[in-house]
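Novice: In the working numbering, the protein residues as written are 3 to 298. Right, I'll just put the structure down here and ask away after.
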């Protein structure tokens with residue numbers, strides 16, 4: 003009984019490992035973490051580091067030996083689609099009985115956003131082959147807004163140009179917990195479970211003005227929305243990442259501005275069932291962030 007977690011040292015993988023370890027069913031389950039640098043990877047006690055990279059199919063094949071359940075998080079890379087599809091094929095060849103795949107919320111609707119389209123193609127592969135998989139579709143991560151600290155505290159501005167349609171942002175802890183619950187359910191099943199899909203979303207859809215008002219209350223100071231300037235966002239993103247990725251993110255944000263990403267009541271109820279509690283709110287995140295910033 004072994005679960006392999008890819009993307010194990012990143013934002014989401016770290017949360018998945020945490021909730022796997024803290025879950026009552028996690029006891030007695032071997033948990034392997036795929037990492038390019040097992041000697042330096044900071045992993046929780048009891049997690050086994052496995053050297054590998056999704057861009058290196060031979061390392062993936064080696065890592066999958068003896069694995070019964072796989073958490074697949076393909077990196078936001080230029081060859082994301084190839085990495086994900088090759089890994090799923092290798093998992094099928096290895097006889098993996100359960101897969102949890104991290105996709106994206108409203109991927110089919112956002113056909114012009116590259117990293118959305120690649121995830122939708124992976125979902126098509128899963129369905130076409132009848133792979134025993136849980137597909138998780140997270141919306142925009144709430145914790146992305148930790149990067150707004152300087153703008154909020156120094157300039158009184160909420161600067162992410164999310165628009166006026168609303169986004170049902172999701173807390174990364176809910177992503178990690180949902181993934182852990184799904185992984186352990188598949189791991190402990192006597193036979194492969196049928197496919198299923200969950201939208202990973204927050205309890206309310208928030209606009210740029212909503213977020214500015216929320217931060218105003220939490221920080222007890224005037225905060226205004228910085229507007230919908232996507233050109234400025236692209237320039238900012240290019241300062242610490244490749245141009246193709248910056249443009250990809252801008253295309254996503256353009257669709258958020260034009261169409262929003264609003265969850266239904268059914269989406270929220272279904273996720274509540276998987277988590278065992280209501281999804282965490284943006285307000286709770288902001289309150290915790292503000293308290294942390296005040297102590298720094």
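Where is the CB? At the ideal position from N, CA and C, for every residue including glycine.
Please state the DSSP three-state secondary structure of residue 249.
Specialist: helix
Novice: Skipping 5 residues on each side, what residues in its chain have a beta carbon closer than 6 Å to that of residue 143?
Specialist: 174
Novice: Exposed or buried, what is residue 299 when buried is set at 16 or more other beta-carbons lying within 10 Å of its beta-carbon?
Specialist: This structure gives no information on residue 299, because the portion of the chain shown stretches from 3 to 298.
Novice: Using the Cα positions of residue 42 and residue 79, report the straight-line distance between them to the nearest angstrom.
Specialist: 22 Å
Novice: How far does the alpha helix (DSSP H) with residue 346 in it extend, from its first residue to its last?
Specialist: Residue 346 falls outside the range modelled here, since the chain spans only 3 to 298, and no answer is possible.
Novice: By Cβ distance below 8 Å, which residues in the same chain neighbour residue 183 in space, the five residues on each side in sequence not counted?
Specialist: 21, 25, 276, 277 and 278
Novice: Please report the straight-line C-alpha distance between residue 49 and residue 35, rounded to a whole angstrom.
Specialist: 7 Å
Novice: Residue 166 and residue 159 - do their beta-carbons sit closer together than 8 Å?
Specialist: Not in contact: residue 159 and residue 166 (Cβ atoms no closer than 8 Å).
Novice: I need the boundaries of the beta strand (DSSP E) containing residue 192, first residue and last residue.
Specialist: Element bounds for residue 192: n/a, residue is neither H nor E.
Novice: Per DSSP, which one or two residues make a beta bridge with residue 159?
Specialist: 226
Novice: On the three-state DSSP scale, how would you describe residue 122?
Specialist: helix
Novice: Roughly how far, in whole angstroms, is the beta-carbon of residue 73 from the beta-carbon of residue 7, given that I think they are within contact range, below 8 Å?
Specialist: 5 Å
Novice: Could you give the distance in angstroms between the alpha-carbon of residue 94 and the alpha-carbon of residue 44?
Specialist: 29 Å
Novice: In terms of residue numbering, what span does the beta strand (DSSP E) encompassing residue 235 cover?
Specialist: Run containing residue 235: none in the beta strand (DSSP E); it sits in the alpha helix (DSSP H), 232–240.
Novice: Is the separation between the beta-carbon of residue 207 and that of residue 172 shorter than 8 Å?
Specialist: no
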